[in-house]
Amino acid sequence: MANQFERWHPLTQFIYFLTVIVIMTVKLNPLITLVTFFGLALLGFLIARGDFLKMSARFFLPASLIAIVINPLFSHEGATILAYFPDGNPFTLESVLYGIASGLMICGMCFLFYSFNTVMTSDRIMYLTGRLFRTLSLIISMTLRFIPEFKRQLDKVKKAHRCLGLKQSRLKDGIDIMNSMIMWSFEKSIDRSDSMRARGYGIRRRTSFHIFTFTVRDIYYIALMLIVSGWYLTMLFTENIYVTFYPLFYYGGNLILSIISYVLYSVLVLLPSIDIILEEIKWKSLQ
Amino acid sequence: MFENYYLISCIIIILSFIPFMVMLERRKPHAREIMLVAVLVTITVLSRAVFFMIPFFKPILAFVIISGIGLGARTGLLVGTLSAFISNFMFGQGPWTVWQMLALGLCGFLAGLIFSGRYDEGKLHTVLVCIFGFIAAVVIYGGIMDTYTALLYMGNMTKQSFFAIYLSGLPVNLILGICTVLCLALFTKSMARKLRRVKYKYNM
């Protein structure tokens, strides 16, 4: 069943992912990465439950662990020396902190793309690209249509190949099948493009079918997200939020403005989760 | 102010795609050309499925290069970027998508630039194509993807850390290179002939 986040307009969803990834990566900030990490973990869990937990344990957390380990091994900057490596390079507190922060960021990025892949289905991406780049999105949609057809034909060719009793080496079989598939798809493509022309391709602007509606809610959400990201970037550039890792970990800037920024950013990250949870509560309370 | 080179590089890569996309829209390509590109992308994306029983056999790059040779640099770039994008519909988009698009697109583009003239004259040497394929796999594709890894994982960049990342990526890149050479040796001739036939038969 589609949840509230999946009912957002594709543009709103895209802007959500875009603003989060820009704010998260523009400057490594421990608090921002923490908020992103937990916010996106919650979102991933709400969207996919068990599958998300499985993927996190299997791929996302190990990937970020690698980042945590790698950084102190290669980065020897920083003033607080904890120990020395056998080759004489220092092992510093700052590089450990940086490693942890960047590991969390990478994990957050994995979470983000997990939600992205679940929510932004190909028709949504097509809808977004189709507005600006018509030919390109036409090619993408034709390819997406062609892939299952190609797979079906591939299956047929493989079976025919087996029925003929041709059992050579694996490579040789693959080559034969591939050659047959290539010729089949070229011929098919020419037939189809003639049919496209016969139906009037290129005469007028193309329209495409979609089921998305842009509601007032989307306007509010987009405005909120743009304001929050604009606010955060301004705070960053005016150095009201100021973080450095090297040579010493230093956290400065204007305290009150920073707190406001973090609260605003938390709202931005949690926006879809709040939407999903509120909907759930409403549904339960009405039953 | 900016310390994160990953974000900046991504933005630059995306901006560098825009001229080509606008060019494509302006040109208003013929239905046959669009269809042929779509088919080439399909073949490229699913070539992996044909050889699924052979482990580590990834022919994607080889088919991108052949498309570039057969149809020119512009189409090679298009086939490369789109196959990276669309194969990620199946395997999942991620922070690597943009970089794969750049790497594959560049390989297709260069293949078209170097070989498509010779192909049109009918003087295509499979050996040269294979050498190019190996360089493309190890240096261009491998180099770009390893740079992506380095930029994502490394906060501050030193010579050593980059060297270590490139070195650790080398085995994977060599496997891809060998695979690409094998595929090019097997398919360049036959697929070039098929493309020529299609182009000749349907007057493209």
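Going down the list, the protein sequences come from chains A and B. Be aware that the first sequence starts at 1, since it is given in the working numbering, and climbs by one per residue. Be aware that the second sequence starts at 1001, since it is given in the working numbering, and climbs by one per residue. Positions of the beta carbon are idealized from the N, C-alpha and C atoms, including for glycine. For clarity, every value in this text was computed on a predicted model and none was experimentally measured.
List the residues of chain B that residue i touches, going by C-beta distances under 7 Å, in chain order.
i, result
"A/Asn179", "Ser1190"
"A/Ala67", "Tyr1153"
"A/Ser115", "Those within 7 Å of A/Ser115 in chain B number zero; the least Cβ separation is about 11 Å."
"A/Thr25", "Asn1004, Tyr1006, Leu1007"
"A/Ile70", "Tyr1153"
"A/Phe186", "Val1039, Lys1194, Val1198"
"A/Ile81", "The contacting residues do not exist; A/Ile81 stays about 16 Å from chain B at best."
"A/Ser122", "Phe1089"
Using a threshold of 8 Å, state whether the C-beta atoms of residue i and residue j are closer than that.
i, j, result
"A/Ser229", "A/Val22", "yes"
"A/Thr92", "A/Gly103", "no"
"B/Pro1055", "B/Cys1179", "no"
"B/Pro1095", "B/Leu1152", "yes"
"A/Met235", "A/Leu268", "no"
"B/Ala1136", "B/Gly1112", "no"
"A/Phe214", "A/Tyr127", "no"
"A/Tyr16", "A/Leu271", "yes"
"B/Cys1130", "B/Val1064", "no"
"B/Ile1066", "B/Ala1192", "yes"
"B/Thr1126", "B/Lys1194", "no"
"A/Ile182", "B/Ile1043", "yes"
"B/Ala1062", "B/Gly1133", "yes"
"B/Ile1069", "B/Ala1103", "no"
"B/Val1138", "B/Gly1076", "no"
"A/Leu28", "A/Ala83", "no"
"B/Val1041", "B/Val1079", "yes"
Excluding five sequence neighbours on each side, which residues of the same chain lie with their C-beta closer than 6 Å to the C-beta of residue i?
i, result
"B/Ala1150", "Phe1162, Ile1165"
"A/Leu40", "Gly108, Phe111, Leu112"
"B/Thr1081", "Met1101, Gly1105"
"A/Ser75", "Ser95"
"A/Phe38", "none"
"B/Tyr1005", "Leu1151"
"B/Phe1051", "Phe1057"
Apart from the five residues just before and just after residue i, which ones in its own chain have a Cβ nearer than 7 Å to its Cβ?
i, result
"A/Glu280", "none"
"A/Leu31", "Tyr262"
"A/Glu6", "Val119"
"A/Tyr265", "Ile23, Ile32, Val35, Val228, Tyr232"
"A/Glu239", "Gly253"
"A/Phe249", "Glu94, Leu97"
"A/Val157", "Ile177, Ser180, Met181"
"A/Ser122", "Leu144"
Quick one: which chain A residues come within Cβ less than 9 Å of residue i?
i, result
"B/Lys1028", "Thr135, Gly202"
"B/Leu1082", "Leu136, Ile139, Ile140, Thr143"
Give the interface partners of residue i over in chain A, defined as CB-CB distance under 7 Å, in chain order.
i, result
"B/Ala1031", "Ser193, Met196, Arg197, Tyr201, Gly202"
"B/Phe1051", "Gly174"
"B/Glu1121", "Per Cβ cutoff of 7 Å: no residues; B/Glu1121 is ~22 Å from chain A at best."
"B/Val1037", "Ile139"
"B/Ala1164", "Phe74"
"B/Met1021", "Phe133, Leu136"
"B/Thr1271", "With chain B covering 1001 to 1204 only, the question about residue 1271 of chain B has no answer from this structure."
Give the interface partners of residue i over in chain A, defined as CB-CB distance under 8 Å, in chain order.
i, result
"B/Ile1054", "Arg170, Leu171, Gly174"
"B/Ser1047", "Met178"
"B/Leu1024", "Phe133, Thr135, Leu136"
Excluding the 5 residues flanking residue i on each side, which residues of the same chain have their C-beta closer than 8 Å to its C-beta?
i, result
"A/Pro247", "Glu77, Gly78, Ala79, Glu94"
"A/Val69", "Gly99"
"A/Phe60", "Cys107, Cys110, Phe111, Tyr114"
"A/Leu42", "Leu270, Ser273"
"A/Lys282", "none"
List, in order along the chain, the chain B residues whose C-beta lies closer than 9 Å to that of residue i?
i, result
"A/Ile183", "As written in the sequence, residue 183 of chain A is Met, which differs from the Ile given in the question. Under the 9 Å cutoff, chain B gives Lys1194, Arg1197, Val1198."
Anything in chain B within Cβ reach of residue i, meaning under 8 Å, just list it in chain order.
i, result
"A/Ser273", "Within 8 Å Cβ-Cβ: nothing; A/Ser273 doesn't reach chain B, min ~21 Å."
State yes or no: is the C-beta of residue i nearer than 7 Å to some heavy atom of the ligand FMN?
i, result
"B/Thr1075", "Within the structure as shown, the ligand FMN is missing, as the structure has no ligands at all."
Interfacial residues, the stretch 28-47 of chain A to chain B, with Cβ spacing under 7 Å: Answer in chain order: Leu28.
Between the stretch 1111-1121 of chain B and the stretch 132-144 of chain A, do three or more beta carbon pairs fall short of 8 Å? Short answer: they don't touch.
Going along the stretch 1087-1110 of chain B in order, which residues come within less than 7 Å of chain A, judged by CB to CB distance? Phe1089, Gly1092, Gln1093, Gly1094, Pro1095
Positions along the stretch 1173-1203 of chain B whose CB lies within less than 9 Å of some CB in chain A: Leu1182, Leu1186, Phe1187, Ser1190, Met1191, Lys1194, Leu1195, Arg1197, Val1198, Lys1201, Tyr1202
Does the stretch 110-122 of chain A come close enough to the stretch 187-207 of chain A that 3 or more CB-CB pairs lie under 8 Å? no
Residues of the stretch 134-160 of chain A with a CB closer than 8 Å to any CB of chain B: list them in chain order, please. Arg134, Thr135, Leu136, Leu138, Ile139, Ile140, Met142, Thr143, Leu144, Phe146, Ile147, Phe150, Lys151, Leu154
For the stretch 159-176 of chain A, which residues have a beta carbon sitting closer than 9 Å to at least one beta carbon of chain B? Arg170, Leu171, Asp173, Gly174, Ile175
Can you find at least 3 beta carbon pairs, one from the stretch 46-64 of chain A and one from the stretch 243-256 of chain A, that sit closer than 8 Å? no
Should the stretch 177-190 of chain A be called in touch with the stretch 1024-1037 of chain B, which here means at least 3 C-beta pairs below 8 Å? yes
Residues of the stretch 101-112 of chain A in Cβ contact with chain B at a cutoff of 8 Å, in chain order, please. Ser102, Ile106, Met109, Cys110
Check each residue of the stretch 3-20 of chain A: if its Cβ is closer than 7 Å to any Cβ of chain B, include it; give the result in chain order. none
Check whether the stretch 1016-1028 of chain B and the stretch 142-162 of chain A are in contact - that is, three or more C-beta pairs closer than 8 Å. no
Short-range partners of chain B found in the stretch 248-259 of chain A, where Cβ spacing is below 7 Å: none
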